[in-house]
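> The structure under discussion is supplied below as structure tokens; questions concerning it will follow.
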Amino acid sequence: MKKNIKDYNLDELKQVMASLGEKPYRAEQIFKWIMQDNVTSFDEMTNISIELRDKLKENFDLHVFNILKKQESKDGTKKYLFDVLDGNAIESVLMEYKHGFTICVSSQIGCKMGCKFCASTGVKFARNLSSGEIVEQLLAIQRDENIKISNLVFMGIGEPLDNYDNVMNAIKILNNQKGINMGARHISISTSGLVPKIYKLADENMQCTLSISLHSCSNKKRSEMMPVNDVYNIEELMKACRYYIQKTNRRISFEYALAKDNNDNLNDAEELSKLLKGMLCHVNLIPINKIENGKYIKSTNENIIKFRDYLNKKGIVATIRRELGSDIDAACGQLRKKEVEKCEPTQEPI
Ligand code: SAH
């Protein structure tokens, strides 16, 4: 397959142009055509000479995703199943809020983390998505809906910090003012808790929001829910979080999915308030979405509200996440890599 031109950030594209014997400003023109005008063919780049367009066509591809399926929820949330052109498929979700559109993107095809409550578990990990494939999820939806998306969250399939370099480069591409121009503050990275990568992220001097999937304050319970806790336990995770806050001065968002009779009683809330006391943070309470054959079921509304009120009373800012798209399996943790029958995979899953 030809190289995906969307994988290159603007500096890299300038180097590519130099290697083709072209002036650097050509890179800016091409970058603008791709990221702002969202073209789907090199021939639409009308201020580029036909010779250069031919050179581009020879060496690169625009890697335009096909929409295999699009579902719309009663609340307006839209779920896309994209053919990523190698036989694999991924899902992305578009949500509309008062302040604009948010896209929830996938960072990998499959996930290695194995969280017991998440639908992305149970499907084999195939590969990382490239930076261009991450960006293309946004471009494809912008084309399809004729909208401008203002926020992006890495909360789809995959563990973004397990695909660190491509995720960082995708953010660099998204940030660029000559392209999509999405500020880092409009981007959230959610992690199951890959501690060394949290330190690395802290040292990037980036303004993204970091979300930590915490879900329990007891190592025993958290390990049952999230095997990654056996590698990086809560103490190590919290140490990394404190380092992140100290380095970036950014508020961390802790995700806590409430499962009935598992992590949703007031003792759990008390433990959580002790763990987070004095930290620059926010707690996002998610009513857990039951997955097929999953043992965790949603807490009652009454318990969720009690849990939130308890935290707020203890001075911990906590909100309940509005459930969007649950009727189309687009709510938190419901995305999974769909097998695509019509395409033959070109590579064996790892
Ligand atoms: N791998 C990353 C991002 C993907 S999941 C992470 O673990 O953070 C995005 C968020 O949805 C995470 O907080 C995750 O724990 C949560 N989640 C996964 N499955 C869920 C489910 N069934 N119900 C509610 N939240 C879920």
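Going left to right, the sequence shown walks through residues 1306 to 1655 as the working numbering numbers them.
Virtual Cβ for every residue (Gly too), placed ideally from N, Cα, C.
Beta carbon of LEU1629, beta carbon of THR1382: below 8 Å?
yes
> Among LYS1595, ARG1527, PHE1365, GLU1597, which has the Cα closest to the Cα of ASP1573?
ARG1527
> Once the 5 residues before and after THR1496 are set aside, which same chain residues still bring their CB inside 8 Å of it?
GLU1464, PRO1465, LEU1466, LYS1502, ILE1503, LEU1515, SER1516, ILE1517, SER1518
> Using only the alpha-carbon positions, how far apart do ALA1623 and ASN1608 sit?
Approximately 14 Å, taken between the alpha carbons.
> From the DSSP output, in three-state form, read off CYS1586 for me.
Assignment of CYS1586 by DSSP, reduced to helix, strand and coil, places it in the strand class.
> May I ask you to check if the CB of CYS1637 is nearer than 7 Å to at least one heavy atom of the ligand SAH?
yes
> Tell me whether ASN1393 is buried or exposed, calling it buried when 16 or more other Cβ atoms sit within 10 Å of its Cβ.
buried
> Can you say whether VAL1344 is buried or exposed, counting buried as having 16 or more other CB atoms within 10 angstroms of its CB?
buried
> Decide if ILE1439 is buried, meaning its Cβ has at least 16 other Cβ atoms within 10 Å, or exposed.
buried
> Beta-carbon within less than 8 Å of ASP1569's beta-carbon, same chain only, minus the 5 sequence neighbours each way: which residues are those?
LEU1563, SER1604, ASN1608, ILE1609, PHE1612
> Using 8 Å as the Cβ pair cut-off and three pairs as the minimum, do the stretch 1391-1408 and the stretch 1466-1476 touch?
no
> In or out: SER1521 buried (at least 16 other Cβ within 10 Å) or exposed?
SER1521 is buried by the Cβ-count criterion.
> With MET1418 as the anchor, note down where its beta strand (DSSP E) starts and where it stops.
Neither: MET1418 is in no beta strand (DSSP E) and is coded neither H nor E.
> Starting from LYS1383, trace the beta strand (DSSP E) both ways and give me its first and last residue.
Boundaries of the beta strand (DSSP E) around LYS1383: 1383-1388.
> Would you kindly work out how many angstroms separate the C-alpha atoms of GLY1415 and TYR1601, rounded to a whole number?
21 Å
> Return the CA-CA distance between GLN1302 and ILE1452, expressed in angstroms with no decimal places.
Outside the displayed range of the chain (1306 to 1655) lies residue 1302, so it cannot be described from this structure.
> Give me the DSSP bridge partner(s) of LEU1457.
ILE1408, ILE1492
> Nearest-angstrom Cα distance between LEU1367 and HIS1491?
25 Å
> Keeping to the same chain, check which residues put their C-beta closer than 8 Å to that of LEU1585; ignore five residues upstream and five downstream.
ILE1550, ASN1554, ARG1555, ARG1556, ILE1557
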